[in-house]
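Student: Residue numbers (my numbering), protein chains in the order written: chain A, 0 to 113; chain B, 4 to 118.
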Amino acid sequence: ETGVTQSPTHLIKTRGQQVTLRCSSQSGHNTVSWYQQALGQGPQFIFQYYREEENGRGNFPPRFSGLQFPNYSSELNVNALELDDSALYLCASSRTSGVYNEQFFGPGTRLTVL
Amino acid sequence: AQTVTQSQPEMSVQEAETVTLSCTYDTSESDYYLFWYKQPPSRQMILVIRQEAYKQQNATENRFSVNFQKAAKSFSLKISDSQLGDAAMYFCAYRSGGGSEKLVFGKGMKLTVNP
């Protein structure tokens, strides 16, 4: 069983640019959540996708957007990058079925905004 | 809104000894889950242990156990027989019982295990 994978591992962008981060969910999982983890902080929830629909959003501006594809993989897009967007971006997948389902995390993408 | 607080930014423990990590949370909900996650230097977040709020019995997973005090909104993690591989960042997290699977994390605590 393949775990959650993310690409790229590292990324450097400049302020004002746009970035797309990718996440492949674990086999059989239909829900993907994205988190932003600033240096020295705990992860903060950005949003969640369930069966290709956004199903919950944290306190992030609209320039953070996402997609989930029919194979349940997902993208996180960030427009107009700001210096404070520098962080580790984590995705987590789970198989939502009405009862508790564990979220499995990917290794993350380290984004640096210069 | 729910909040999770980890007041100890760092702790250290001798190999084979026992250490307790503390966490408090705030919520008005009655149905929720609490978690301890481990994030080793390689960055991949791993679930250590889970506690359902409706369960009075404290969860245990091998060397890991929790002390869940619902009235006090306290959720501590005890690691027994500490091993070098336990060295990592530990995060306490909260999730509501229904709807979104959103996790609310604390700021984390760095655990060092000394040989």
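A virtual CB, placed ideally from N, CA and C, is assigned to each residue, including glycine.
Could you tell me which chain A residues have their CB closer than 9 angstroms to the CB of GLY109 (chain B), listed as they occur along the chain?
Tutor: Here the question's residue 109 (chain B) lines up with position 106 in the second sequence. GLY41, listed in chain order.
Student: Can you tell me the Cβ-Cβ gap for LEU24 (chain B) and MET92 (chain B), rounded? I've got them flagged as a contact below 8 angstroms.
Tutor: Working through the second sequence from its first residue, we reach residue 24 (chain B) at position 21. Working through the second sequence from its first residue, we reach residue 92 (chain B) at position 89. Not confirmed; about 11 angstroms, so no contact.
Student: Examine the Cβ distances between the stretch 23-30 of chain A and the stretch 2-13 of chain A and report whether three or more of them are shorter than 8 angstroms.
Tutor: yes
Student: I want to verify the contact list: residues of chain B whose CB lies under 9 angstroms from the CB of THR30 (chain A), in sequence order.
Tutor: What you label residue 30 (chain A) is simply residue 31 of the first sequence in a count that begins at 1. Simply GLU104.
Student: Tell whether a beta-carbon distance below 7 angstroms holds between GLY41 (chain A) and PHE38 (chain B).
Tutor: Taking the first residue of the first sequence as position 1, residue 41 (chain A) is located at position 42. Taking the first residue of the second sequence as position 1, residue 38 (chain B) is located at position 35. Taking 7 angstroms as the Cβ cut-off, GLY41 (chain A) and PHE38 (chain B) do not qualify as a contacting pair.
Student: Since ASP34 (chain B) and ALA4 (chain B) are thought to touch, with beta carbons under 8 angstroms apart, how far apart are those beta carbons, to the nearest angstrom?
Tutor: Within the second sequence, numbered from 1, the residue matching residue 34 (chain B) stands at position 31. Within the second sequence, numbered from 1, the residue matching residue 4 (chain B) stands at position 1. With a Cβ gap of about 16 angstroms, ASP34 (chain B) and ALA4 (chain B) do not count as contacting.
Student: Distance, Cα to Cα, PHE46 (chain A) vs GLU74 (chain A)?
Tutor: Residue numbering aside, residue 46 (chain A) sits at position 47 when the first sequence is read from its first letter. Residue numbering aside, residue 74 (chain A) sits at position 75 when the first sequence is read from its first letter. Spanning the two alpha carbons is a distance of roughly 11 angstroms.
Student: Residues of the stretch 79-111 of chain A in Cβ contact with chain B at a cutoff of 9 angstroms, in chain order, please.
Tutor: Answer set for the stretch 79-111 of chain A: LEU87, LEU89, ALA91, SER93, THR95, TYR99, ASN100, GLU101, GLN102, PHE103, PHE104, GLY105, PRO106, GLY107, ARG109.
Student: What residue ranges within the stretch 20-45 of chain A form continuous beta strand (DSSP E) runs of no fewer than 3 residues, ordered along the chain?
Tutor: 30-36
Student: Drop a sphere of 10 angstroms on the beta-carbon of PRO30 (chain A), count the other beta-carbons inside from all chains shown, and report buried for 16 or more, exposed for fewer.
Tutor: Position 31 of the first sequence, counting from 1, holds the residue named residue 30 (chain A). Contrary to the premise, residue 30 (chain A) reads as Thr rather than Pro in this sequence. Looking at its Cβ environment, which holds 16 or more other Cβ atoms inside 10 Å, THR30 (chain A) is buried.
Student: What first and last residue would you give for the beta strand (DSSP E) that runs through ASN117 (chain B)?
Tutor: In the second sequence, the residue the question calls residue 117 (chain B) occupies position 114. Counting along the chain, the beta strand (DSSP E) containing ASN117 (chain B) begins and ends at 112-117.
Student: Can you look up LEU50 (chain B) in the DSSP assignment and give me helix, strand or coil?
Tutor: What you label residue 50 (chain B) is simply residue 47 of the second sequence in a count that begins at 1. In the structure shown, LEU50 (chain B) sits in a strand (DSSP, three-state: E or B).
Student: Starting from ASN70 (chain B), trace the beta strand (DSSP E) in both directions and tell me its first and last residue.
Tutor: On the second sequence, residue 70 (chain B) is found 67 positions in, with the first residue counted as 1. Note, ASN70 (chain B): beta strand (DSSP E), 67-72.
Student: Using 10 angstroms around the beta-carbon of GLY105 (chain A), count the other beta-carbons present and answer buried if the total reaches 16, otherwise exposed.
Tutor: Looking up residue 105 (chain A) in the first sequence gives position 106. It counts as buried.
Student: Specify, as a first and last residue, the run of the beta strand (DSSP E) that LEU66 (chain A) falls within.
Tutor: Along the first sequence, one-based indexing puts residue 66 (chain A) at 67. Here the beta strand (DSSP E) through LEU66 (chain A) covers 63-67.
Student: Could you check whether LEU110 (chain A) and TYR34 (chain A) sit closer than 7 angstroms to each other, using their CB atoms as the reference points?
Tutor: Taking the first residue of the first sequence as 1, we reach residue 34 (chain A) at position 35. Taking the first residue of the first sequence as 1, we reach residue 110 (chain A) at position 111. No, these two residues do not count as a Cβ contact at 7 angstroms.
Student: Quick check: the Cα distance between GLN17 (chain B) and LYS81 (chain B), rounded to an integer number of angstroms?
Tutor: Position 14 of the second sequence, counted from the start, is the residue given in the question as residue 17 (chain B). Position 78 of the second sequence, counted from the start, is the residue given in the question as residue 81 (chain B). Computed Cα separation, rounded: 14 angstroms.
Student: Rank A:GLY39, A:PHE68, A:GLN43 by C-alpha distance to the C-alpha of GLU53 (chain A) and give the top, closest one.
Tutor: Along the first sequence, read from residue 1 onward, the residue named residue 53 (chain A) stands at position 54. Nearest C-alpha to GLU53 (chain A): A:PHE68.
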